[in-house]
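Contents: one structure, followed by commentary.
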Amino acid sequence: MRSTTRNFQRYYNPDASDMIRMDTNTNVLGSNPAAAKFLASQKMNINDYPNTYSDGLRDALAELYSMERENFVVGSGSDEILDITFKTFTEWDDKVVVPVPSYTLYDYFVNMNGGIAESVDLTDDFQLSVDDMLAPKGKMIIMPSPNNPTGNSFRQKDIEEILERSRGIVIVDEAYGEYSGSSMIPKVNEFDNLIVMRTFSKAYAMAGLRIGYGVSNKNAADMMNCVKIPYSLNILSEGAAIAAVKDQEFIRRSVELVNKNRRPLSDGLKKLGFEPFPSDSNFILAKAPVDHTALTDGLKKKGILIRDFGSKRRTENCVRTTVGTEELNSLLLKSTAEVLNELRM
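In the working numbering, the protein residues as written are 447 to 791.
Spelled out as structure tokens, the structure:
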């Protein structure tokens with residue numbers, strides 16, 4: 447194996463057959479209706495290539511955000527967009543600043559592209575320390591907002607100060623941005639080092655089609671499109687994404703459901719002895735009142751998967767659960783209470 451990948455381990459891959467999945471933070475309303483309708487109606491010639499740079503989807507996104515096609519890069523999931531940024535802007539052994547805790551795959555992409563991950567701890571309330579983020583003088587800085595797995599959004603003034611003071615590329619990963627009600631996308635033409643990433647896997651309820659996009663100023667986007675693998679988004683995924691972008695009512699309903707059910711789920715976890723952290727997203731991170739592994743194993747036996755972060759630094763003994771419907775949340779709380787009682791017997 448290449449020297450930078452020899453310590454790689456496979457990504458989270460549970461046996462999820464017949465399980466209730468509250469571990470992946472997908473949309474609990476189910477498949478995107480506009481995308482599903484598009485897919486069901488298609489009788490296309492799959493012998494044809496898709497559009498090289500997904501121009502149709504870039505046009506739809508440009509209309510949504512009142513921008514231009516040239517501001518967008520589209521690919522197979524936001525993970526491809528992240529990979530493109532490394533291939534475009536970093537050299538071997540460049541430093542990349544990654545906040546801790548944050549998305550576990552950031553280090554993977556840094557190492558795969560020959561970079562050096564510089565971990566910087568978030569503050570006690572999981573916010574950015576601007577000076578600490580800038581201290582390593584990274585060629586690139588990555589920050590997810592809302593942050594995964596903690597759920598909170600970073601302060602916009604802190605993000606903007608980092609953008610103003612950094613000489614490198616700053617990536618703001620807004621995979622859960624629809625839920626937070628705020629975005630750095632309107633700022634991409636103001637900061638020439640800003641790249642915002644988004645995905646169709648969460649609020650858009652299309653994780654199985656693997657669609658993501660980056661937004662930046664036209665110059666940076668053009669460089670990224672030159673590096674991007676041509677045809678990387680297939681013709682079905684692009685068409686479904688265009689249909690989904692035009693159905694913003696589904697996104698509004700999805701966000702309203704989370705806003706309605708997040709607080710009751712957090713309160714329910716508190717009553718069971720958990721310490722939930724504030725969230726601006728469709729999931730909640732909480733410190734468990736019992737051993738994290740025993741808890742997640744107990745719920746798995748009852749057919750429910752939540753995500754275990756209890757062995758990672760800064761999230762010791764913590765678990766993460768998706769915010770579900772009222773029925774799903776009630777089932778989760780009931781099952782969790784049963785597991786807690788069994789563990790304390």
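Every residue gets a Cβ at the ideal spot worked out from N, C-alpha and C, and that includes glycine.
- Annotation: the region 574-644 contains the following complete segments of the alpha helix (DSSP H) (minimum length 4 residues), in chain order: 576-580, 602-611, 623-626.
- In the three-state reduction of the DSSP assignment, leucine 568 falls in the coil class, being assigned neither a helical nor a strand state.
- Check the Cα spacing between aspartate 726 and each of Pro590, Ala508, Ser500, Ala506: the tightest is with Pro590.
- CA-CA distance, phenylalanine 555 to arginine 452, rounds to 13 Å.
- Rounded to whole angstroms, the gap between the alpha carbons of tryptophan 538 and methionine 630 is 28 Å.
- Annotation for aspartate 668: Glu516 place their beta carbon closer than 8 Å to its own, counting only its chain and skipping 5 residues before and after.
- Here the C-alpha atom of aspartate 525 lies approximately 15 Å from the C-alpha atom of tyrosine 458.
- Remark: C-beta atoms of proline 582 and proline 547 do not approach each other more closely than 8 Å.
- Collapsing the DSSP output to three states places tyrosine 659 in a strand.
- Contact annotation, methionine 586 with isoleucine 562: C-beta distance approximately 11 Å; criterion of less than 8 Å not satisfied.
- By the beta-carbon neighbour count (other beta carbons within 10 angstroms, threshold 16), aspartate 754 is buried.
- The continuous stretches of beta strand (DSSP E) do not include phenylalanine 454, and DSSP gives it neither H nor E.
- Within the region 481-565, the complete alpha helix (DSSP H) segments at least 4 residues long are 501-511, 523-535, 551-558, listed from N- to C-terminus.
- Under the three-state reduction of DSSP, valine 765 is assigned to strand.
- The DSSP-derived three-state label of alanine 689 is helix.
- Here DSSP, grouped into helix, strand and coil, assigns alanine 734 to coil.
- Collapsing the DSSP output to three states places leucine 751 in a strand.
- Counted as a single uninterrupted DSSP element, the alpha helix (DSSP H) harbouring arginine 698 occupies residues 694-717.
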